[in-house]
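See structure below.
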Amino acid sequence: MIVQCQQCDTKFNLDETKIPAEGAWVRCSKCQEVFQVMPPGGKPPAMEDEEVLDLDNLPPGGPPGDVDFGLDVDKAPAGAKGGGRGKGFKVIFWLLAILVLLPVLMLGALVALDRLHIAPALVERFRGLPAVGSLLGKAGGAQPAATATAPDNAGLALAQVRGYFRVNQQSGRIFVIQGLVENQQQQNRSGILVRGKLNDEQGAVVRQAVVYAGPIFNPDELRQLSLDAIQARLGQPASPDGTKYAAGPGGNIPFMIVFGNLPDNLSHFTAEVVGSEPTAPSSTTAR
């Protein structure tokens, strides 16, 4: 007998002797639609479940242009259409999978970038997020916090100390300690030396440097100058015209310490004034 798919209208040649009196459920091999087939003269049964007839191995036949029927064994309630239900479930499943997996993959990519010190500017945008920041801190090294400064050194005190990361075009990720040295003495002070230290999570010093207060860099210079050029300028007690960097009584002078080749396990930093010398007012540069 010839049956026609109710969904795609494809005709199939089906051996009617394979269809029981109560009918059979069949699946279209072209569009996967499930529908009921009754024998000639038969009526739909009142039962809730019917067994789908497996006719996958039927020999080809039927009128020219017809397609052999491919059927799967299944259980389906009378009048049900299983193809659409299966497709809908798959769509919902993959949508939920994408919603769950996408944030996980993005977080994993950020951790990998931070560990490899790749695209640090991009990673820094997400470091402030509570959950993300904790993971980035473990993988790529926590940003040192300004948790400690040294006491006065001969009447010189540190103020407005902060630390931050920057990206240098030649050296990659760098860390900068910046602040002011306040002169609480009654005379000019020059040759002011400031020492900065970077500590790991166990408190051990992993980097340290001593610079003269006075020379500082703007963001463009920190990004473009080589690390050697930056450190060379920080090691000069006078400006390019030969005038010493100095702070008058009650005044202040800026300082900046720049670190490169950063380890991964940074925890905090310290800064302290370690030296200075008196300077005559006529030979100072006021700051």
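According to this note's numbering, the sequence shown is numbered sequentially starting from 1445. Here a beta-carbon is modelled for each residue, glycine too, at the ideal position from N, C-alpha and C. Just so you know, these numbers come straight off a predicted model, no measurement behind them.
Expressed to the nearest angstrom, what Euclidean distance is found between the alpha-carbon atoms of residue i and residue j?
i: residue 1557; j: residue 1551; result: 10 Å
i: residue 1625; j: residue 1554; result: 37 Å
i: residue 1670; j: residue 1613; result: 8 Å
i: residue 1544; j: residue 1537; result: 11 Å
i: residue 1475; j: residue 1450; result: 10 Å
i: residue 1630; j: residue 1661; result: 29 Å
i: residue 1706; j: residue 1684; result: 29 Å
i: residue 1445; j: residue 1535; result: 36 Å
i: residue 1470; j: residue 1479; result: 6 Å
i: residue 1596; j: residue 1691; result: Low local confidence applies: a pLDDT of 44 at residue 1596 is under 50, so the model's placement there is unreliable, with the coordinate-based value given in what follows. Residue 1596 and residue 1691: Cα-Cα distance of roughly 15 Å.
i: residue 1541; j: residue 1717; result: 56 Å
i: residue 1462; j: residue 1452; result: 23 Å
i: residue 1711; j: residue 1674; result: 24 Å
i: residue 1512; j: residue 1456; result: Here the model assigns residue 1512 a pLDDT of 43, short of 50, so the residue's position is not dependable, and the following value carries that caveat. Spanning the two alpha carbons is a distance of roughly 5 Å.
i: residue 1473; j: residue 1549; result: 38 Å
i: residue 1619; j: residue 1724; result: 34 Å
i: residue 1664; j: residue 1617; result: 14 Å
i: residue 1615; j: residue 1647; result: 25 Å
i: residue 1672; j: residue 1709; result: 24 Å
Residue i lies in the alpha helix (DSSP H); which residues open and close that run?
i: residue 1665; result: 1663 to 1668
i: residue 1674; result: 1671 to 1678
With a 10 Å radius around its C-beta and 16 neighbouring C-beta atoms as the bar for buried, classify residue i as buried or exposed.
i: residue 1645; result: exposed
i: residue 1526; result: Because the pLDDT at residue 1526 is just 47, under 50, the model does not fix this residue reliably, and the value given afterwards should be weighed accordingly. The residue is buried, with at least 16 neighbouring Cβ atoms inside 10 Å.
i: residue 1689; result: buried
i: residue 1651; result: buried
i: residue 1649; result: exposed
i: residue 1676; result: exposed
i: residue 1533; result: exposed
i: residue 1607; result: buried
i: residue 1539; result: exposed
i: residue 1468; result: buried
i: residue 1623; result: buried
i: residue 1659; result: buried
i: residue 1600; result: buried
i: residue 1458; result: buried
i: residue 1713; result: buried
What first and last residue would you give for the beta strand (DSSP E) that runs through residue i?
i: residue 1690; result: 1688 to 1691
i: residue 1706; result: Neither: residue 1706 is in no beta strand (DSSP E) and is coded neither H nor E.
i: residue 1631; result: No beta strand (DSSP E) holds residue 1631; DSSP gives it neither H nor E.
i: residue 1602; result: 1600 to 1612
i: residue 1476; result: That residue, residue 1476, is in no beta strand (DSSP E); it is neither H nor E in DSSP.
i: residue 1446; result: 1446 to 1448
i: residue 1647; result: Looking at the DSSP string, residue 1647 is not in any beta strand (DSSP E), and its letter there is neither H nor E.
i: residue 1618; result: 1616 to 1627
i: residue 1462; result: Run containing residue 1462: none; DSSP gives neither H nor E here.
When the distance is taken between beta carbons, is residue j closer than 8 Å to residue i?
i: residue 1570; j: residue 1642; result: no
i: residue 1655; j: residue 1635; result: no
i: residue 1697; j: residue 1640; result: no
i: residue 1602; j: residue 1715; result: yes
i: residue 1627; j: residue 1686; result: no
i: residue 1719; j: residue 1666; result: no
i: residue 1611; j: residue 1621; result: no
Can you give the beta carbon distance from residue i to residue j, rounded, assuming they're within the 8 Å contact cut?
i: residue 1465; j: residue 1483; result: 6 Å
i: residue 1633; j: residue 1722; result: 6 Å
i: residue 1699; j: residue 1657; result: 4 Å
With a threshold of 7 Å, establish whether the CB of residue i neighbours any heavy atom of the ligand HEM.
i: residue 1651; result: Judged by which ligands are present, the structure shown has none, so any question about the ligand HEM falls away.
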